[in-house]
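Everything below concerns the one structure shown next.
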Amino acid sequence: MPGPKIYLTRTPYELVKIGQIGYGWPQVNFSEASTLDELVLMFRKQDIDVGRQLNQIKRFYSIKAGDIVVVPLPCVIAIGYATGIKTYKSGIEYGENRIGVNFLRHDDGSILRIPRDNLTGAFSSRLKIRMTVVSLSEFKDEVIAVIERIKSNGITVINSRVQELEEKAQQQLKYQLLQNICEGKTYLESGGYGLEKLVAELLMAEGYEANILDKAAFSGQADADILAVREDRFSSTTLLVQVKHHTGTTGFQAVRQLESIDEELKAQKWIVTSAKMNPAAKAAAEKQDINIIEGESLVDWIVEQSDKLSRQTLHKLGISSVPTLLTY
């Protein structure tokens with residue numbers, strides 16, 4: 001008899017605390033579908049084009065009782081066993097469709113946080129994937145081993161409390177950093193050039209050779225701000241990135257600029273914006289295989305790579321390298 005399936009799900013922490021994981025798509029109530037085919041039909045009836053997210057929708061819907069769920073949190077992960085109970089509730093963005101999960105907890109009821117540095121490098125790297133719902137089948141043995149190790153040795157409440165405080169401090173930092181970037185309250189160069197330089201530095205931290213393109217690099221409506229290339233013995237990846245330093249929402253212009261670029265370049269196309277994408281523009285981008293990093297994901301990226309960014313860049317962002325005491 002096959003064992004449980006293992007899933008990574010990115011979900012709002014408010015849901016984790018109450019024993020749930022959530023996914024978006026507020027237009028469709030997943031719990032009303034009795035089968036996967038019926039769920040797909042519900043999307044079609046509302047004329048919703050899910051694009052490349054169909055597989056993620058199927059994975060989320062297919063999580064059943066006994067499956068193991070891994071939720072990435074800042075510097076740690078939470079692990080639990082799905083109950084299989086599906087519900088729908090508005091009020092938490094990207095968490096309308098929900099599935100119950102019995103997360104591992106301490107005796108006092110607090111979520112047990114497992115430090116990422118307790119995981120193998122390959123598993124820890126996998127947690128950085130940008131997708132919302134991912135199969136972790138290749139890490140099944142490690143996940144089960146982590147659970148068994150916790151059952152045998154446990155993780156002290158004090159360590160978990162420190163991790164909780166660090167997580168809270170990091171969330172506050174991310175919120176304020178995004179506000180400062182959007183409102184121009186950093187020392188990044190104005191006119192969007194500063195954000196382009198920051199994104200280029202982030203790409204270099206990821207192993208790419210990144211160059212900011214001249215504004216006359218393309219003709220007509222076509223445009224991209226950064227060309228990034230990463231090559232190794234086995235593969236070569238080219239990215240064309242359009243960077244938008246916006247407040248509020250980013251619209252169709254970024255999509256049109258990238259989709260007008262000659263396909264012969266065979267590059268992945270990305271929009272990186274400090275704002276949120278207009279939903280219709282986001283749907284149009286997905287149809288054109290244009291990837292998107294929005295404001296919250298942008299600051300996640302900055303914080304993830306902060307140890308590789310120059311001190312000058314960190315200071316321009318208002319991020320201090322001085323150790324900070326946590327308030328108990």
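For the sequence shown, counting from 1, position 192 maps to 192 in the working numbering; every step adds exactly one. Idealized CB from N, CA, C, for every residue including glycine.
- Query: Alpha carbon to alpha carbon, how far is Lys5 from Glu38?
  - Reply: On the sequence shown, position 5 is the one that residue 5 refers to. On the sequence shown, position 38 is the one that residue 38 refers to. Distance between the alpha carbons of Lys5 and Glu38 is about 22 Å.
- Item | Cross-strand partners of Lys269 (DSSP beta bridge) | Residue mapping note: residue 269 aligns to position 269 of the sequence shown, counting from 1. Answer is Leu240, Ile290, bridged to Lys269.
- Closest by CA to Val255, which one among Tyr193, Val272, Lys185, Glu264? Taking the first residue of the sequence shown as position 1, residue 255 is located at position 255. The option with the nearest alpha carbon to Val255 is Val272.
- Message: Quick check on the DSSP output: what are the complete alpha helix (DSSP H) runs of length 4 or more inside the region 104-187, in order along the chain?
- Response: 121-126, 140-153, 157-182
- Return the chain-ordered list of same chain residues with a C-beta closer than 7 Å to the C-beta of Ala267, the five sequence neighbours on each side being excluded. Residue 267 sits at position 267 when you count from the first residue of the sequence shown. The answer, listed in chain order, is Thr238, Leu239, Leu240.
- Message: Nearest by alpha-carbon distance to Ala285: which of Gly251, Gly191, Asp300, Asp67 is it?
- Response: Residue 285 sits at position 285 when you count from the first residue of the sequence shown. Residue Gly251 is the option with its Cα nearest to Ala285.
- Message: Less than 6 Å between C-beta atoms, sequence neighbours within five positions excluded: which residues of the same chain meet that for Ile102?
- Response: Taking the sequence shown and counting its residues from 1, the one referred to as residue 102 is at position 102. Per the sequence presented here, residue 102 reads as Asn, with Ile not at that position. Gly80, Tyr81, listed in sequence order.
- Taking buried to mean at least 16 other C-beta atoms within 10 Å of its own C-beta, is Val157 buried or exposed? Within the sequence shown, residue 157 is the residue found at index 157, counting from 1. Caution applies to Val157, whose pLDDT of 48 falls short of 50 and renders its modelled position unreliable; the value that the coordinates give is listed next. Classification of Val157: exposed, given that the 10 Å Cβ count is below 16.
- Helix, strand or coil at Gly51 [DSSP, three-state]: The count along the sequence shown starts at 1 and reaches residue 51 at position 51. Here Gly51 sits in helix by DSSP.
- What's the C-alpha gap between Arg311 and Ala205? If you number the sequence shown from 1, residue 311 lands on position 311. If you number the sequence shown from 1, residue 205 lands on position 205. Rounded to the nearest angstrom, the two C-alpha atoms are 13 Å apart.
- Item | C-alpha distance - Ser321 paired with Gln305, whole-angstrom precision | To locate residue 321, count along the sequence shown from 1; it is residue 321. To locate residue 305, count along the sequence shown from 1; it is residue 305. Near 13 Å, if we compare the C-alpha coordinates of Gln305 and Ser321.
- Closer than 7 Å: is that where the CB of Asn153 sits relative to any heavy atom of the ligand NAD? Among the components modelled here there is no ligand, and therefore nothing to report on the ligand NAD.
- Item | Contact check, Leu177 vs Ile57, beta carbons under 8 Å | Stepping through the sequence shown from its first residue, residue 177 is reached at position 177. Stepping through the sequence shown from its first residue, residue 57 is reached at position 57. No. Outside cutoff.
- Message: Measuring alpha carbon to alpha carbon, tell me which residue in Ile48, Pro74, Asn97 is nearest Ile63.
- Response: Numbered from its first residue, the sequence shown carries residue 63 at position 63. Of the candidates Ile48, Pro74, Asn97, the one whose C-alpha sits nearest the C-alpha of Ile63 is Asn97.
- Query: What does Ala283 pair with, by DSSP beta-bridge criteria?
  - Reply: Here residue 283 is taken as the residue at index 283 of the sequence shown, counted from 1. Note: Ala283 sits in no beta bridge, so no partner.
- Query: Does the beta-carbon of Gln257 have 16 or more other beta-carbons within 10 angstroms, so that it is buried, or is it exposed?
  - Reply: Taking the sequence shown and counting its residues from 1, the one referred to as residue 257 is at position 257. Looking at its Cβ environment, which holds 16 or more other Cβ atoms inside 10 Å, Gln257 is buried.
- Item | CA-to-CA distance, Gln242 to Ile85, given in whole angstroms | For the purposes of this step, residue 85 is taken as the residue at position 85 of the sequence shown. For the purposes of this step, residue 242 is taken as the residue at position 242 of the sequence shown. Those two C-alpha atoms are separated by around 41 Å.
- As assigned by DSSP and simplified to three states, the class of Val28: To locate residue 28, count along the sequence shown from 1; it is residue 28. It is coil, neither helix nor strand.
- Item | Exposed unless 16 or more other CB atoms sit within 10 angstroms - verdict on Thr11 | Here residue 11 refers to the residue found at position 11 when the sequence shown is read from its first residue. By the neighbour-count rule (16 or more Cβ atoms within 10 Å), Thr11 is buried.
- Query: Is it right to say Arg52 is buried, meaning 16 or more other beta carbons lie within 10 angstroms of its own, or is it exposed?
  - Reply: On the sequence shown, residue 52 is found 52 positions in, with the first residue counted as 1. So Arg52 counts as exposed.
- Opening and closing residue of the beta strand (DSSP E) in which Lys86 lies: For the purposes of this step, residue 86 is identified with residue 86 of the sequence shown, where counting begins at 1. Lys86 -> beta strand (DSSP E) spans 76-88.
- Arg59 (DSSP reduced to helix, strand or coil): Residue 59 sits at position 59 when you count from the first residue of the sequence shown. In this structure, Arg59 counts as helix in the three-state DSSP scheme.
- Hey, would you say Lys269 sits closer than 8 Å to Asn291, going by beta carbons? Sequence index remark: in the sequence shown, residue 269 carries index 269 (1-based). Sequence index remark: in the sequence shown, residue 291 carries index 291 (1-based). In contact: Lys269 and Asn291 (Cβ atoms closer than 8 Å).
- Rounded to whole angstroms, how far is the Cβ of Val133 from the Cβ of Tyr23, which I believe are closer than 8 Å? Along the sequence shown, read from residue 1 onward, the residue named residue 133 stands at position 133. Along the sequence shown, read from residue 1 onward, the residue named residue 23 stands at position 23. Yes, Val133 and Tyr23 are in contact; Cβ-Cβ is about 7 Å, under 8 Å.
- Three-state secondary structure (DSSP) of Arg98: For the purposes of this step, residue 98 is taken as residue 98 along the sequence shown, with counting starting at 1. Strand.
- Message: Which residue wins for smallest C-alpha separation from Leu227, given the options Ser219, Ala210, Tyr7?
- Response: Taking the first residue of the sequence shown as 1, we reach residue 227 at position 227. Of Ser219, Ala210, Tyr7, the residue nearest in Cα terms is Ala210.
- Would DSSP call Glu231 helix, strand or coil? For the purposes of this step, residue 231 is taken as the residue at position 231 of the sequence shown. The answer is strand: DSSP assigns Glu231 an E or B state.
- Item | Candidates Trp25, Gln20, Pro2: closest to Pro279 by CA position | What you label residue 279 is simply residue 279 of the sequence shown in a count that begins at 1. When each option's Cα is compared against that of Pro279, the closest is Trp25.
- Buried versus exposed, by CB contacts within 10 Å (16 or more), Lys308: On the sequence shown, position 308 is the one that residue 308 refers to. Exposed.
- From this set, Ser219, Gly194, Asn118, Lys185, which residue's C-alpha is nearest Val146's C-alpha? Here residue 146 refers to the residue found at position 146 when the sequence shown is read from its first residue. Nearest C-alpha to Val146: Asn118.
- Item | Asp138 versus Ala33: straight-line alpha-carbon distance, rounded | The residue given as residue 138 occupies position 138 in the sequence shown. The residue given as residue 33 occupies position 33 in the sequence shown. What sits at residue 138 in the sequence shown is Glu, not Asp. Glu138 and Ala33: Cα-Cα distance of roughly 29 Å.
- Enclosing alpha helix (DSSP H) for Gln312 [first to last residue]: Walking along the sequence shown from the start, residue 312 turns up at place 312. 311-317 is the extent of the alpha helix (DSSP H) around Gln312.
- Under the three-state DSSP convention, the category Tyr7 falls into: As a position in the sequence shown, residue 7 is number 7, starting the count at 1. Strand, per DSSP.
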